[in-house]
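**Q** This is the structure I want to talk about, given as structure tokens.
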Amino acid sequence: MICEFLGSGTSFGVPSIGCDCGVCRSEDPRDNRLRASIMVEHAGQRIIVDAGPDFRQQCLRANIATLDGILITHGHADHIFGLDDARQFTYRSKKPLPLLVPDHTWPTISQVYQYAFAEAPSGLTRPKFEPQICTNGTQLEFA
289 MICEFLGSGT
299 SFGVPSIGCD
309 CGVCRSEDPR
319 DNRLRASIMV
329 EHAGQRIIVD
339 AGPDFRQQCL
349 RANIATLDGI
359 LITHGHADHI
369 FGLDDARQFT
379 YRSKKPLPLL
389 VPDHTWPTIS
399 QVYQYAFAEA
409 PSGLTRPKFE
419 PQICTNGTQL
429 EFA
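Whatever position you read off the sequence shown (first residue = 1), add 288 for the working numbering.
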């Protein structure tokens with residue numbers, strides 16, 4: 289199993305806008321951190337854990353061209369506001385992307401991204417997800 293950290297910053301990212309602390313003013317590139325996310329690869333499968341606003345940039349930096357799924361840990365903006373960028377993966381693969389979501393987070397996801405789950409006119413590019421709602425204790429597996 290390979291786990292690659294795509295981001296380890298706070299919900300604001302680092303540096304934070306307007307912050308005057310030493311880390312945010314640092315010129316060391318290691319102090320520039322995107323919001324929290326990881327990519328896990330195992331047995332030929334590749335999943336992303338959390339897709340925040342930096343998701344596109346993270347995928348570009350890590351040369352991620354294909355995905356087998358996205359796991360969302362909770363519904364805060366810094367964990368879900370990059371999901372629209374998954375449309376690049378579903379557009380190319382022509383199939384929906386498994387989206388594993390805790391049951392308590394599904395109402396937020398389905399409201400914020402309602403256009404991704406509704407019928408759409410042809411020609412409209414939008415992410416296509418295959419939602420898998422998880423309850424506490426659910427064993428996760430990608431096919």
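Glycine included, each C-beta is placed from N, C-alpha and C at the ideal position.
Predicted model, so just to flag it, every value in this text is computed and none were measured.
Would you mind giving the Cβ-Cβ distance between L322 and V337, rounded to the nearest angstrom? I have them listed as a contact below 8 Å.
**A** About 14 Å separates the two Cβ atoms, so there is no contact after all.
**Q** Please identify the residue among K416, P384 and P390 whose C-alpha is closest to the C-alpha of T426.
**A** For T426, the nearest C-alpha among the options comes from P390.
**Q** Just the C-alpha distance for T371 and C291, rounded to the nearest angstrom, thanks.
**A** In the sequence under discussion, the amino acid at residue 371 is Leu, which differs from the Thr named in the question. Cα to Cα, the separation comes out at about 20 Å.
**Q** Can you tell which of A324, I305 and T361 has its C-alpha closest to the C-alpha of T298?
**A** A324
**Q** Compare the beta carbon distance of E407 and P386 with 8 Å and say whether it is the shorter of the two.
**A** No, the Cβ-Cβ distance between E407 and P386 is not below 8 Å.
**Q** Are the CB atoms of I326 and L294 nearer to each other than 8 Å?
**A** yes
**Q** By Cβ distance below 6 Å, which residues in the same chain neighbour V328 in space, the five residues on each side in sequence not counted?
**A** Closer than 6 Å at the Cβ level, and outside the excluded window around V328, lie C291 and I335.
**Q** Cα-Cα, which of V302, L388 and G340 is closest to L428?
**A** L388
**Q** Express the C-alpha separation of C312 and S304 in angstroms, rounding to a whole number.
**A** If I take the Cα positions, the gap works out to 6 Å.
**Q** Which of helix, strand or coil does DSSP assign to S325?
**A** When secondary structure is reduced to three states using DSSP, S325 falls in the strand class.
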